[in-house]
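Numbering (the working numbering), first residue to last: 81 to 259.
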């Protein structure tokens, strides 16, 4: 085990620091986009529930579709946060020009990407709320404004973990506390 650790350490020490940081950033950008899983699942759920609501009550179909679209747009925010972090790492990575140990900087980039995977939860949760909102409006179209208000409030609370992940990723990229 010590031999493997030494071999890895030698490799890292003999690798160009910019190549190491950029390769860590490329991996991190890919990992960050894993957060798109949540919005994909959540929006699919919302669309399915809206279609179900339209099938059950065609007269409330327009309102159910509006609720689904509003809810799905909110559910996309965690994916957008991950996209922003991935683009920063690929095109404007502040870690490349920073002085410090390349391994720590590469690990910071990977950590920023991994942090954004937390966006899976809000995407699924917000999509679930959008689906249930669509379903409720399909059953009771006259209560659309109250249902939307409740749905959006719940989605805002569900977004907090995605915002926490974004903050941690930005700290790792711009305020790196390790130096």
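Here a beta-carbon is modelled for each residue, glycine too, at the ideal position from N, C-alpha and C.
Note that the structure is predicted; figures quoted are calculated from it, not measured.
As assigned by DSSP and simplified to three states, the class of residue i
| i | result |
| --- | --- |
| residue 239 | coil |
| residue 174 | coil |
| residue 137 | coil |
| residue 217 | helix |
| residue 164 | helix |
| residue 132 | helix |
For residue i, the first and last residue of its enclosing alpha helix (DSSP H)
| i | result |
| --- | --- |
| residue 99 | 97-112 |
| residue 145 | 141-155 |
| residue 184 | 182-195 |
| residue 84 | 82-94 |
Whether residue i touches residue j by CB criterion (7 Å)
| i | j | result |
| --- | --- | --- |
| residue 207 | residue 112 | no |
| residue 105 | residue 169 | yes |
| residue 191 | residue 252 | yes |
| residue 108 | residue 162 | no |
| residue 216 | residue 228 | no |
| residue 199 | residue 225 | no |
| residue 126 | residue 145 | no |
| residue 202 | residue 230 | no |
* Does the region 147-165 come close enough to the region 227-243 to have 3 or more Cβ pairs within less than 8 Å? -> yes
* Asked: Quick one: any contact between the region 118-132 and the region 244-253, if contact means 3 or more CB pairs under 8 Å?
  -> no
* Asked: Do the region 134-147 and the region 90-107 make contact, defined as three or more Cβ pairs closer than 8 Å?
  -> They do not touch, by the three-pair rule.
* Contact the region 210-217 vs the region 171-182: 3+ CB pairs below 8 Å -> no
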